[in-house]
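Numbering (our numbering), first residue to last: 258 to 514.
Backbone N, C-alpha and C define an ideal beta-carbon position, used for all residues, glycine too.
For clarity, every value in this text was computed on a predicted model and none was experimentally measured.
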Ligand code: 1GP
């Protein structure tokens, strides 16, 4: 299992230039497991390349949801943990992430250390990722005690992203926060950060239409994540809109291959 998901991601990026990931938040307070599974299957059908599972606030145990989502799709399931409660052995991989611009060491290395023995013992594939919070940052920023980067100061996250690469991390995630207003992380910031790193850049938070997703890829993002868009639209249109967004993303990606 080790390395299988990472191989899948890198091969996709090499052949298609960009990937689309769908974020599922299996929080029983806001969604039923049936809905989460429906969103997962619709996302796969629309061409999304992988499912990320997690959230900043989880009211419940995600194990069951992760197992059921995994049984319902063929695309990889990757944990996107907001805390040690977000770990499950039923996923294909876990983003082993550090919120580098947190002001609280717990979110930089504390939670990771607490979760590390379980992750190591279960043998789940880990993908080391720098998580960088950009304003507004929303709930993730609040929970993670972050000092979010100012949207018009791209050199600051660029410095952190280079440091992440030099520390051996495999990915850099520029996060504006789920439900962020303003069309995601500014393209100028994506462009500056991606220019200085050789590892793939993921971005998410507020990408709610094809234009913003395509613009992010054109600016240099390798992977764009959508969560809120899925929750709001895919059940209504059967994933038609999402399929269009993925098609636009792939078209923009192909130009970079
Ligand atoms: C949040 O980047 C993700 O961690 C997705 O954000 O819900 O705004 O798509 P949205």
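Whole-angstrom distance between residue j and residue i, CA atom to CA atom
| i | j | result |
| --- | --- | --- |
| residue 360 | residue 404 | 7 Å |
| residue 507 | residue 312 | 26 Å |
| residue 334 | residue 510 | 22 Å |
| residue 371 | residue 487 | 32 Å |
| residue 346 | residue 502 | 31 Å |
| residue 469 | residue 393 | 17 Å |
| residue 411 | residue 395 | 19 Å |
| residue 377 | residue 344 | 12 Å |
| residue 301 | residue 449 | 31 Å |
| residue 496 | residue 434 | 23 Å |
| residue 260 | residue 499 | 28 Å |
| residue 299 | residue 467 | 17 Å |
| residue 289 | residue 373 | 29 Å |
Residue i versus the options, residue with shortest Cα-Cα distance
| i | options | result |
| --- | --- | --- |
| residue 407 | 466, 447, 347 | 447 |
| residue 459 | 260, 272, 280 | 280 |
| residue 443 | 497, 271, 422, 390 | 390 |
| residue 353 | 375, 329, 385 | 385 |
| residue 429 | 264, 445, 377, 479 | 479 |
| residue 504 | 268, 374, 273, 378 | 273 |
| residue 436 | 465, 290, 357 | 465 |
| residue 418 | 260, 268, 357, 399 | 357 |
| residue 399 | 270, 305, 339, 304 | 339 |
| residue 266 | 325, 427, 490, 453 | 427 |
| residue 304 | 425, 331, 327 | 331 |
| residue 416 | 409, 453, 397 | 453 |
| residue 492 | 326, 409, 291 | 291 |
Residue span of the beta strand (DSSP E) that contains residue i, given as start and end
| i | result |
| --- | --- |
| residue 307 | 307-310 |
| residue 459 | 458-461 |
| residue 429 | 428-432 |
7 Å Cβ shell around residue i - same chain, five flanking residues per side excluded
| i | result |
| --- | --- |
| residue 564 | Absent from the structure is residue 564, since the part of the chain shown begins at 258 and ends at 514. |
| residue 402 | 359, 360, 361, 364 |
| residue 439 | 463 |
| residue 455 | 422 |
| residue 210 | What the structure shows of the chain is the stretch from 258 to 514, and residue 210 is not part of that stretch, so it cannot be assessed. |
6 Å Cβ shell around residue i - same chain, five flanking residues per side excluded
| i | result |
| --- | --- |
| residue 482 | 278, 280, 461 |
| residue 258 | Only weak support is given to the placement of residue 258: the predicted model assigns it a pLDDT of 41, under 50, and the value that follows is read from those uncertain coordinates. Taken in chain order, the residues that qualify are 382. |
| residue 283 | 293, 319, 322 |
| residue 451 | 458, 477 |
| residue 431 | 389, 391, 442, 460 |
| residue 472 | 444 |
| residue 286 | 316 |
| residue 514 | 274 |
| residue 414 | 389, 406, 450 |
| residue 484 | 280, 435 |
Continuous alpha helix (DSSP H) stretch holding residue i: start and end
| i | result |
| --- | --- |
| residue 417 | 412-423 |
| residue 473 | 467-476 |
| residue 452 | 444-453 |
Proximal residues to residue i (C-beta, below 8 Å), its chain only, five neighbours per side dropped
| i | result |
| --- | --- |
| residue 262 | 307, 333, 335, 349, 350, 382, 384 |
| residue 379 | 346 |
Ordered list of alpha helix (DSSP H) runs contained in the region 259-341, each at least 4 residues: 261-273, 290-302, 320-329
What ranges does the alpha helix (DSSP H) occupy inside the region 475-500, keeping only unbroken runs of at least 4 residues that lie completely in it? 485-494
Ignoring anything shorter than 4 residues or poking outside the region 333-395, list the alpha helix (DSSP H) runs there in chain order. Listed in chain order, the complete alpha helix (DSSP H) runs (minimum 4 residues) inside the region 333-395 are 368-379.
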